[in-house]
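Let me begin by presenting the structure, written as structure tokens, before commenting on it.
Right under this line is the structure:
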């Protein structure tokens, strides 16, 4: 089963990478008001079962993929049911 | 108008960050077959108009947000029509 996890800096948390991109986009002439940068993690899971997959993904996020103090995460299951 | 851009390493392109995450997830006991890491860029655009926004986002990706040689990008418009 395939899954996509989006990890983003929480609102209010400093995002230097986003600020750098915002500055660069403006310098290039783009009318951008805000930019925030996070990570997208595409995973291929060995075990089937949506329920089990979602539970495992939550644990992966809490333990490794995200820093729950400063980042939020969003899990999307892509593969078969 | 808000937009989300997903930037991913193209298939076949080496992804050391993904390999590191894959190794760490396995060490933690998760049954994962593959992991690839990309970026998620959340943008707030000053100008309205979906057509114009999409065209601008394409240019942002080509010029700054992605390296078209080794990365693919996916644009999602979130805001009002």
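Residue numbers (the working numbering), protein chains in the order written: chain S, 51 to 131; chain Y, 51 to 131.
From the three backbone atoms N, C-alpha and C, an ideal C-beta is built for every residue, glycine too.
Chain S within 8 Å of residue 70(Y), Cβ atoms only
The count along the second chain starts at 1 and reaches residue 70(Y) at position 20. It does not: the Cβ of residue 70(Y) has no partner Cβ on chain S nearer than 8 Å.
First and last residue of the uninterrupted beta strand (DSSP E) at residue 85(S):
Your numbering for residue 85(S) matches position 35 in the first chain. Counting along the chain, the beta strand (DSSP E) containing residue 85(S) begins and ends at 82-95.
How long is the line joining the alpha carbons of residue 138(Y) and residue 98(Y), rounded to whole angstroms?
No information on residue 138(Y) is available, as it lies outside the stretch 51 to 131 that chain Y covers here.
According to DSSP, is residue 55(S) helix, strand or coil?
Within the first chain, the letter at position 5 stands for residue 55(S). Residue state, collapsed to three classes: strand.
Anything in chain Y within Cβ reach of residue 83(S), meaning under 9 Å, just list it in chain order.
Here residue 83(S) refers to the residue found at position 33 when the first chain is read from its first residue. The answer, in chain order, is 93, 94, 95 and 96.
Assigned secondary structure, residue 64(Y) (DSSP; H/G/I helix, E/B strand, else coil):
Against the second chain, residue 64(Y) aligns to sequence position 14. Three-state result, residue 64(Y): coil.
Between residue 90(S) and chain Y, is there a C-beta pair that is closer than 8 Å?
On the first chain, position 40 is the one that residue 90(S) refers to. At least one chain Y Cβ lies under 8 Å of residue 90(S).
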